[in-house]
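In the numbering used here, the protein residues as written are -5 to 1191. All residues carry an ideal CB built from backbone N, CA and C; glycine is no exception. As the structure is a prediction and not an experimental result, all values here were calculated from the model. Everything on this sheet refers to the single structure shown next.
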Amino acid sequence: MIRSSCAVGLVSAMLLSSSSSALTHDGLIYYQDFDHDGRAACGAGWALDQDIDPARLVPGRYGKACRFERSSANLLSPNQASAEEDATGFVPGDGTRLASTNDDTPFGARVLNATVDAPGIVWHTTPTLTRVKAPHRPNKVFLFSAYIKASQDGTQVRLSLRDEHEDSDWRDRVETAIAAAAEKGGKPAKPVFETISAPATVTLGKAWQRVAARFEIDARREEQSLVARLELVSGESGTLSTDGMQLEQTCVYPLSNTEPTSWLPGGATRTPKWIDMPLSETGFSGRVGTLGCWIRPIPDQCGGSRKVNAIVTLGKSWWAPVWQLGGGRWYVGEAPTKQKQGKVSARSVEKGLLETGGNDGWHFLALAWDEEEAVGFLDGKPFGRTSLASGRPIPGSELRLGGSFLERVPMTGDLDEVYLFDRRLTDADIAALAAAEKPMAEALPNVLLRRPQRLTFLRSEESAELALEPVSYGTSPGRLALTAQVPGLAAECRQMAEPGAPAQLRIRPWMGSPGSYELTVTATSPAHSLVARDRIDVFEEPPGREFITYAWGGTDEDLEERGFNCLFGEPRALLERGLWATIRIDVRTPVPHPWSAETRARADAAAGRVARGAMSHANVRACLVNSECGHPPFPADEPWFLDWLREETGLDGIPPEIARSPVRAVSHNGAVPPAVLPDDYPPYRFLRWWTKRGQGYYLLNNHITRQMRKAGLQTTYYSDQPETATQFEAMDLVDFWGYPKTPEGLVARFAHASCLARLDGKPFQAMPGTIYWDDGNGLWLNDADGKRKVLCLSPDCLTENLWISVACPSSSIGLYGIGERRSGIYDRACDAAMTNAYRLIRPVGTLVGGLPTEQAKVALLETDGLFFTQPEVNDAWMRHWLVRTASRCMARVRLPFDWIHDDHIYAGWLDHYSAVVVPGAWCLPEKTHRALVDFAQRGGKVIVDQAMRAEIPNALRLGIKTQKYPVETVMQELGNWADSFRGEHRVWAHVTPSDDVFTYTRDAGKARYLFVINDRREPGPQQQRWDVKLNAIGRAKNEPLRDRGLPHRVNVSLPAGLAVYDVLSHSPVTGTAENGRQVLNVSLGPGGAALLATFPHPIAELNVRTPRKLAPGQEATINLTVLDTEQRPVPGRLLTEIQVTRPSGEIWTGVSRYRRIIDGKLSVPLRLPLTAEQGTWQVTVLEWVSGLREKTQFSVE
């Protein structure tokens, strides 16, 4: 369902003032002139405010225009770009005297002055090392530009650029690579690109003049050492002043511009700042229309090419309908990848734009089309036409000012008066627009209504309010009488409104069946009158609000069938599929630093933009903030960073012991760190601060979350890959995705992530993947088509991992790597496995989601002392491998454990445990050491190894000598201890044999839920075909892949006296009495699981109550009560499956299918639309755990 305006356009829906002139405005649905503080006239009578930086505004065709520029970066140092400090970075020529002096300059307060006596070299820059790339191009192109003036008129200078590596062996290396490529066959490599130097020779005067030199080299030359040189060619002795220097790469694909961009400070970058808005706000249908604008290339400064490129684009990508104005080819209609026509050649227009013409360089462009033909216009005259296949914008399409979605092409030029009509203007209409002496704004009303934030609702929403606010579009509208109506939802309001005091229209979405309803707003005053129209869309709520199962990596059309109820993607399109949406925001550029002022400013702008965009959608369930944040480079030479470091740690700089890749501490000058690390030990103090705060991403992520909430988006915010406490301070959820090659790796990593989530007091979201992968290394194999691909999980391994994700203490789950179903070696049988597993897992997740697991008696401590590596262990990644080996060892012997950090200890978590395993702690933080000593003295058991130097009373030292942690030794030493401890310290449920199952017990007070997951596997088809070896990642060296699951039977021993239910078969089960316990025999399918629920007393009764009679548009409730044999509400959680059937026999989707019952009671809203079918409605309720079923009915009259 695509929203479209029910009126023909802005002006046709309003009573206009008599100033309307001859301009053509009938059917105008979008108009932006940059003269109203970013406010655009949009749709049928609405105003939409767009975020436009005032600093980008320049004189326009009529009033103001907005300047757009392509990406650029100034590769010079700050002082080389503007000599504000001294002449550092410049080497004077013979007889030249350089100085940084005060002058009138737009680039600061000082300029580089060179006093010269005779022709020759004035100065050259010190080398700038760079390793930029030039994808899809044979050459790299560099520009050096500078603003120069002379003390004497008629002074001639030459500016040039060169690479000091020009005389190196680069040609030999390139030719060797060409020859090697030729030997392999296939497409021949491009020949050597000969170096081109294009210096600029100009005659200067006493005014600033920009000069640019170009330099081109073979793109395969990896590193350049670039030096710019200024020479005096002729002229009298005197002073040459230079400022605003810039060294930049240009001609970067897909652009070919060679003029320099606007000056940037040294080291600064500029990204395209296009202006986007949802195309749906305009009511654009795509069938017919006209798109137009005024454009002017940026004035010529240095004689380079000044292509404007794409200007305005409507669409989303190459694979969706698109309408593009500007560039060498204009597009219209169906996706360019789906039609041969729909392309207007406009190369002549690119040249025509460079002509001054009759409007001081401004030109009017237009693209007009109907369902058969499109025509391009330049200055009111047609220049090209094409046939086309008509297209309609897909959900999520946007209107972009200043560039295109296709290849992300940015515009370079000035833009004014952008028009979009929902009709094909005549040639005479377009000629009139091109000849207009006044802006169209003068013909538009001076009052509009601010567009409501959201016009899409779920029927599950009890009520919602639409703010209807008049806003100025020229003069203040004052107070107006507003009448707003949505007849299909029986909603109406009549109120006075004015700017800052909107009228409020209250609607009840549930009163309508899913569909689209007309909204009409009339605003009147003695001076103004307008009618605004749009449509309100109502959808049923997507299933599974209480337990989300989401997919990452695709929006394939079959994902609902597979069992997912939430995807990443465009929310509106997902809502039309009946799915929840997760949005994301990424501000992850590591340079400048994530917590720098520049990054925070970018983040604030992005947060507001993304939040506002998401608020218009009713199904946005969550927002992922900066996924997978790595450690940025140390900004060690940034004064702000050093001030921050000093303020929070007392350190004057980064200690010399700190190393990178990964961040860790190493020996410096042979010094050995203490066994027990004091808090003020500089390397330890820095590393702890850097991990928590100094790396910046966690501060930035929480800052973004707060900014988005402040902007008004109230949803579930989360980020992923937990590393430290307080990482998710402002967020609502902790996510971890991982896909180890063996299930015990998943069990271990989920233990780690869930313990950090518990410490932060946040729910945990578990996400396995579709592939065998570990630490960046997948099982890469050659497929039947000869292509190298990653191997995806077998159906049985996938099923097992899905069950682990719901059984661990998760509140929601996901699946990573959906795209690998197409790009990897994927067994299509996994589709059926996914469907069958999620068919059970989704209701099971509703039952147990968010419940804690039984408290483990053992903790694995990953201490920050592991930042310090023993000298004899020559492995920068020691910490990673050590904790991975130790954690998987404990998971492999089926010992439940918590994976904790020092912060858990400081929060008092040692009170939970009987034993703590401390692997590889060559160094130990002093506070942690004190806590472990106290724990040991209170009777707790501390298990350490030979690497630990600190003394702990009665600690058990295993025979693991160093931090290298070889798998065989660890399994023998730590594995044997863990197996022994498990035998001596029984958990609530005993499962035998335990070697080939994973068990999780979820706790709901007096009720408990036991998962038993089958891990019995053997080498199967994948191993037989590819002979896959897991090396040390498996149970033994060179273990073959065990990809085929086997059936299994186990005995489960539970305390006697409890009522036990097999949840998946919805039935009670009984066992045999044995030593004061009850023992049940449980069968497990390959990769499958069993779920047993226990309660103090058997479940005896299910009561369902509904009203006898209801009227259309009436609200009521379905009340459920579940009692035990003591006639008391059943404690803990139960699950109900509800089905409501209409008199016609069709299932009514107005009630969620699965709902969680808490302590025996549940009330479900029953809201009938105004169009509810008359007759008898049936309600069927199944209580999932016990299998009790009840039916009732009500009549609609």
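Exercise. Is any beta-carbon of chain B found at less than 8 Å from that of Val316?
Worked result: Considering every chain present, this structure includes no chain B. It has just one protein chain.
For this session: Kindly list the residues whose CB is nearer than 7 Å to the CB of Met8, restricted to its own chain and excluding five residues on each side of it in sequence; keep chain order.
Result: Here Met8 scores only 40 on pLDDT, less than 50, and its place in the model is too uncertain to base an answer on.
Problem set entry | Per-residue DSSP class, three states only, for Thr244 | strand
Problem set entry | N-terminal and C-terminal residue of the beta strand (DSSP E) that Ile579 is part of | 574 to 579
Exercise. Based on Cα-Cα distance, which residue from Gln26, Thr1115, Leu249 lies nearest to Arg1183?
Worked result: The shortest C-alpha separation from Arg1183 is found at Thr1115.
Exercise. With Glu207 and Leu153 assumed to form a contact (beta carbons below 8 Å), what rounded beta-carbon distance in angstroms separates them?
Worked result: Here residue 207 is Ala; the residue named in the question, Glu, does not match the sequence. Right, their Cβ atoms sit about 5 Å apart.
Exercise. Which whole-angstrom value describes the C-beta separation of Ser228 and Leu308, a residue pair presumed to lie in contact below a C-beta threshold of 8 Å?
Worked result: The pair is not a contact, with the Cβ atoms about 54 Å apart (cut-off 8 Å).
Exercise. Among Phe101, Arg1127, Arg453, Leu483, which has the Cα closest to the Cα of Tyr1055?
Worked result: Arg1127
For this session: Work out the CA separation of Asp531 and Arg453 for me, nearest whole Å.
Result: 10 Å
For this session: Answer yes or no: do Leu1078 and Asn1032 have a C-beta to C-beta separation smaller than 8 Å?
Result: no
Exercise. How many angstroms separate the CA atom of Thr252 from the CA atom of Thr236?
Worked result: 21 Å
For this session: Using a threshold of 8 Å, state whether the C-beta atoms of Gln689 and Val728 are closer than that.
Result: no
Problem set entry | Where Phe680 sits in the DSSP three-state scheme | helix
Exercise. Does the beta-carbon of Gln1168 have 16 or more other beta-carbons within 10 angstroms, so that it is buried, or is it exposed?
Worked result: Exposed, since its Cβ has fewer than 16 Cβ neighbours within 10 Å.
Problem set entry | Environment of Gln931 [buried if 16+ CB atoms lie within 10 Å] | exposed
Exercise. Mind pulling the alpha helix (DSSP H) runs of 4 or more residues that sit fully within the region 26 to 75?
Worked result: Segments of the alpha helix (DSSP H) lying fully in the region 26 to 75: 72 to 75.
Exercise. Relative to the alpha-carbon of Asp98, which residue among Asn107, Arg91, Thr90, Leu92 has its alpha-carbon at the smallest distance?
Worked result: Asn107
Exercise. What do you reckon, are the CB atoms on Thr406 and Glu63 nearer than 8 Å?
Worked result: yes
For this session: Determine the contact status of Ser139 and Pro254, defining contact as a CB-CB distance below 8 Å.
Result: yes
Problem set entry | At least 3 beta-carbon pairs within less than 8 Å: the region 377 to 396 vs the region 289 to 302 | no
Problem set entry | Pair within 8 Å by beta-carbon distance, Arg1194 and Asn1069 | Beyond the ends of the chain as shown, which are -5 and 1191, falls residue 1194; an answer cannot be given.
Problem set entry | Cut-off 6 Å between Cβ atoms - residues of its own chain near Tyr1214, not counting five sequence neighbours on either side | Coverage of the chain is limited to positions -5 through 1191, which leaves residue 1214 absent and any answer about it impossible.
For this session: Use the C-beta contact count for Leu123: other C-beta atoms within 10 angstroms, 16 or more gives buried, fewer gives exposed.
Result: exposed
Problem set entry | Secondary structure of Val316, DSSP reduced to three states | In the structure shown, Val316 falls within a coil segment according to DSSP collapsed to helix, strand and coil.
For this session: Answer yes or no: do Val316 and Leu258 have a C-beta to C-beta separation smaller than 8 Å?
Result: It is not a contact, given that the beta carbons lie outside the stated cut-off.
Exercise. Measuring CA to CA, which of Leu1162, Leu854, Ala1105 is closest to Ala885?
Worked result: Leu854
Problem set entry | Separation of Glu177 from Met187, as counted between CA atoms | One detail in the question is off: residue 187 reads as Phe in this sequence, not Met. Cα to Cα, Phe187 sits roughly 20 Å from Glu177.
Exercise. Can the beta-carbon of Val205 be found less than 8 Å from the beta-carbon of Ala222?
Worked result: no
Exercise. Can you give the Cα-Cα distance for Ser805 and Pro757, rounded to whole angstroms?
Worked result: 6 Å
Exercise. Around the Cβ of Asp1118, are there at least 16 other Cβ atoms within 10 angstroms (buried) or fewer (exposed)?
Worked result: buried
Problem set entry | One or two residues paired with Ile937 in a DSSP bridge | Val911, Leu950
For this session: Pull up the DSSP beta-bridge partners for Phe371, would you.
Result: Ala360, Pro376
Problem set entry | Per-residue DSSP class, three states only, for Thr149 | Secondary structure at Thr149: strand, using DSSP grouped into helix, strand and coil.
For this session: Report yes or no: do three or more beta-carbon pairs, one from the region 439 to 449 and one from the region 460 to 469, lie closer than 8 Å?
Result: yes
Problem set entry | Among Cys802, Phe101, Glu210, nearest to Gln240 - alpha-carbon criterion | Taking only the C-alpha atoms, the option nearest Gln240 is Phe101.
Exercise. Taking C-alpha atoms, which residue in Thr863, Pro716, Pro1013 lies nearest to Phe730?
Worked result: Pro716
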